[in-house]
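Q:
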Amino acid sequence: VGGTLDPSERKFMLAKHERLFDMGLNEAHFDGMVRHFATALDGIQVKRSLISEATDALGKFRAAFVEGASEARRRMSSVKKRTLKDRLLEVLDDEEISDVTLVGDDGGRVPACRFVLAAQSRVFRRMLFGSFAESTAEDVPVGYPSAVLRALVEFCYTDDVAGLRDEMATDGDATRTAVRLAMAARFFEMPELGRAAYELARSSMRMNPRLSDVVLDEGATSEEPVNPDLISEAQDMVTHGMTSPLLPTAKAKDQLLLHRMGGEPVLREAIDEFYARVISDDSLQSFFHGVNLKRLKGHQTRFMQMAFVRATVLEDAENLLYAKHHYLFDMGLNERHFDTMMGHFRAALSYVGVEGGIVEEAVETIAPLRDVFERGASTKRAS
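So in UniProt numbering, spot 96 of the sequence shown is number 96, and the numbers just go up one at a time.
1) Quick check on residue 256: does DSSP put it in helix, strand or coil?
2) Let me know if residue 244 comes out buried or exposed under the rule of 16 or more other beta-carbons within 10 Å of its beta-carbon.
3) Just mark residue 388 as buried or exposed, buried being the case when its beta carbon has 16 or more other beta carbons within 10 Å.
4) On the criterion of 16 or more Cβ atoms from any shown chain inside 10 Å, does residue 45 qualify as buried, or is it exposed?
5) Report the rounded CA-to-CA distance for residue 160 versus residue 193, giving the unit in angstroms.
6) Would you mind stating whether residue 328 and residue 287 have Cβ atoms separated by less than 8 Å?
7) Scan the UniProt domain "BTB" (98-161) and note each continuous alpha helix (DSSP H) run of 4 residues or more that stays entirely inside, going in chain order.
8) The alpha helix (DSSP H) spanning residue 359 covers which residue range?
9) Taking buried to mean at least 16 other C-beta atoms within 10 Å of its own C-beta, is residue 227 buried or exposed?
10) Taking 8 Å as the cut-off, does the region 5-13 touch the region 61-73 (at least 3 CB pairs, one atom from each stretch)?
11) In terms of alpha-carbon separation, which member of 127, 134, 229 and 203 lies closest to residue 188?
12) Buried or exposed for residue 40, please, with buried defined as at least 16 other CB atoms from any protein chain shown within 10 angstroms of its CB.
13) Excluding the five sequence neighbours on either side, which residues of its own chain have a C-beta within less than 8 Å of the C-beta of residue 283, listed in chain order?
14) Can you tell me whether residue 124 is buried or exposed? The criterion is at least 16 other CB atoms within 10 Å of its CB, across all chains shown.
15) Counting Cβ pairs closer than 8 Å, one from the region 255-271 and one from the region 211-221, do we hit at least three?
16) Whose C-beta lies closer than 6 Å to the C-beta of residue 148 among residues of the same chain, with five residues either side of it excluded?
17) With DSSP collapsed to three states, give me the class of residue 375.
18) Ordered along the chain, which non-local residues of its own chain (more than five positions away) have a Cβ less than 7 Å from that of residue 138?
19) Taking 8 Å as the threshold (C-beta atoms), are residue 346 and residue 301 in contact?
20) Give the range of the alpha helix (DSSP H) segment to which residue 83 is assigned.
21) With H, G and I counted as helix, E and B as strand and the rest as coil, what does DSSP make of residue 244?
22) Just the C-alpha distance for residue 205 and residue 163, rounded to the nearest angstrom, thanks.
23) What are the boundary residues of the alpha helix (DSSP H) that includes residue 299?
24) Exposed or buried, what is residue 219 when buried is set at 16 or more other beta-carbons lying within 10 Å of its beta-carbon?
25) With a CB to CB cut of under 7 Å and the five nearest residues on each side skipped, what residues in its chain are close to residue 370?
26) State the start and end residues of the unbroken alpha helix (DSSP H) segment that holds residue 280.
27) Would residue 25 pass as a contact of residue 69 if the rule is Cβ separation under 8 Å?
28) Quick check on DSSP: helix, strand or coil for residue 44?
29) Whole angstroms are fine: how far does the CA of residue 104 sit from the CA of residue 141?
30) For residue 353, which three-state DSSP category applies?
31) Short of 7 Å in beta carbon distance, which residues of its chain neighbour residue 17, apart from the five on each side in sequence? Order them along the chain.
32) In or out: residue 132 buried (at least 16 other Cβ within 10 Å) or exposed?
33) Grouping DSSP H, G and I as helix and E and B as strand, with all else coil, what is residue 166?
34) What is the residue span of the alpha helix (DSSP H) that residue 10 lies within?
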């Protein structure tokens with residue numbers, strides 16, 4: 001029967017042949033099949049007039065082939081070609097095809113493939129394919145939280161940290177992870193990852209300025225240096241009151257204790273003088289035996305920078321300080337030693353030219369940490 005396809009015929013044809021249309025079937029193939037059909041009819045000696053009538057009757061189906069081919073092209077153009085990155089992202093966290101597990105300092109486990117990690121990091125290559133014990137270990141402890149390790153592994157697989165980026169806008173934990181990820185990138189010699197992590201932390205502060213507090217906390221409490229540009233931007237946000245309502249009032253830069261002391265150069269000079277006095281003190285020097293003094297000075301400078309910009313950072317530091325100094329408390333460190341060190345700090349500030357009133361304000365800012373030394377000493381005595 002000639003004519004045109006009714007809607008039900010059209011729908012049936014498109015659905016029935018969708019797979020073939022996706023394979024490339026189109027109206028040119030229909031025309032070829034009609035010619036072959038006509039040849040077949042001629043081969044069995046059907047009259048030419050009837051052959052023409054039959055092929056005309058089939059002609060109404062040609063429109064379905066035109067439409068089916070067009071729809072297939074549209075579907076194919078809208079489907080993104082799957083890349084190696086897409087395929088690797090699909091197997092992220094897949095334990096079945098992983099041959100090593102990175103274990104975070106929080107106990108979290110992140111499965112990975114050795115060769116992928118080694119391809120992105122010379123440090124991983126030395127660890128996992130060199131003479132280190134990790135080269136044969138199935139579980140490899142790494143001194144960063146598992147959230148950091150997962151973002152690091154994702155970057156190794158995909159050159160991106162999309163999973164972490166999705167959490168950034170309002171999540172303080174994600175911002176903290178980004179700051180620590182930048183530290184891990186430096187350790188594993190992955191500069192591209194470091195830049196990506198820095199930009200994540202920076203953009204999170206710009207979207208939500210209150211997250212600058214998180215960056216300052218990391219700068220004060222981490223044993224590793226935080227990107228100084230990131231710290232500077234966070235300090236500027238605090239200075240201009242952009243983190244309200246976390247801060248009761250905004251302070252102009254010239255009102256900040258750090259600025260009134262003379263800024264970072266004076267603070268560094270004072271810390272150099274402070275440690276010169278401390279390691280010369282017979283009552284204190286045993287606690288510093290074998291310590292990397294350069295690293296300790298750097299950490300102390302970052303900590304005091306934060307404390308003298310935002311004193312509430314001490315609240316975050318107390319538990320860390322207690323945990324990090326437990327072995328010193330076992331050696332007898334107590335609140336009297338803290339008082340002695342504060343005396344040296346006061347003298348060091350005066351020595352580098354800080355005014356007396358500002359010296360006392362700086363000492364008072366640090367003074368609440370005495371409770372940590374008291375607590376550590378009392379725990380030691382109780383045991």
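Even for Gly, the Cβ is constructed at its ideal location relative to N, Cα and C.
A: Quick answer:
1) In the three-state scheme derived from DSSP, where H, G and I count as helix and E and B as strand, residue 256 is classed as coil.
2) Here residue 244 scores only 41 on pLDDT, less than 50, and its place in the model should not be relied on; the value that follows carries that caveat. Exposed, since its Cβ has fewer than 16 Cβ neighbours within 10 Å.
3) Since the first and last residues shown for the chain are 1 and 383, residue 388 lies out of range.
4) exposed
5) Using only the alpha carbons, I get a separation of about 8 Å.
6) Yes. Within cutoff.
7) Counting only runs of 4 or more, we get 114-120, 122-129 and 146-158.
8) 356-366
9) buried
10) Touching, yes, given that three or more Cβ pairs across the two stretches are closer than 8 Å.
11) Here the closest residue by C-alpha is 127.
12) exposed
13) 337 and 340
14) buried
15) no
16) 177, 180, 181 and 184
17) helix
18) 100 and 101
19) 8 Å or more divides the Cβ of residue 301 from the Cβ of residue 346.
20) Looking at the DSSP string, residue 83 is not in any alpha helix (DSSP H), and its letter there is neither H nor E.
21) At residue 244 the pLDDT is 41, less than 50, meaning the model places this residue with poor confidence and gives no usable figure here.
22) 18 Å
23) 293-307 is the span of the alpha helix (DSSP H), which, as asked, contains residue 299.
24) buried
25) 335 and 338
26) Looking at the DSSP string, residue 280 is not in any alpha helix (DSSP H), and its letter there is neither H nor E.
27) yes
28) Collapsing the DSSP output to three states places residue 44 in coil.
29) 6 Å
30) coil
31) Same-chain partners within the cutoff: 25 and 68.
32) Of the other Cβ atoms in all chains shown, fewer than 16 fall within 10 Å of the Cβ of residue 132; this residue is therefore exposed.
33) coil
34) 7-16
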